[in-house]
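According to the numbering used here, the residues represented by the sequence shown are 67 to 152, in order. Where is the CB? At the ideal position from N, CA and C, for every residue including glycine. For reference, the structure is listed below as structure tokens.
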Amino acid sequence: CNGNGLCFNYDTSSPMCPSMKVTADRRHSPKGRAGLVREWLRQLTEQGIDILDLEKQTLENKTSIKTMIDRVRHSINRRHEYDFSH
67 CNGNGLCFNY
77 DTSSPMCPSM
87 KVTADRRHSP
97 KGRAGLVREW
107 LRQLTEQGID
117 ILDLEKQTLE
127 NKTSIKTMID
137 RVRHSINRRH
147 EYDFSH
């Protein structure tokens with residue numbers, strides 16, 4: 067969103083922001099979504115939450131693609147095995 071308001075154009079021949087045109091709700095426009103994110107970040111800041119620290123924690127705890135592939139491979143391999151001990 068660059069703030070120009072083109073997403074609020076109701077001309078049916080204009081391809082700008084079809085989700086806003088269908089719902090007629092500004093929250094579903096790019097400008098509306100950007101406003102919601104700004105408001106969410108403002109409220110987090112008012113609650114004393116450091117957004118940059120939260121981002122850093124999230125990035126430190128993320129699972130790598132390789133780990134996910136290994137987990138899926140392990141799950142698939144276990145399905146082909148059966149415990150005949152009982």
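At a Cβ-Cβ threshold of 8 Å, His-94 and Ser-85 count as neighbours.
Annotation: Asp-116 is outside any alpha helix (DSSP H) and is labelled neither H nor E by DSSP. For Ala-90, there are no CB contacts under 8 Å within the same chain when 5 residues up- and downstream are skipped. One Cα belongs to Glu-126, the other to Met-134, and the distance between them is close to 16 Å. Taken through DSSP and simplified to helix, strand or coil, Ser-141 comes out as helix. In the structure shown, Asp-91 adopts coil according to DSSP, grouped into three states.
Taking 8 Å as the cut-off, the Cβ atoms of Leu-102 and Ile-117 do not count as close.
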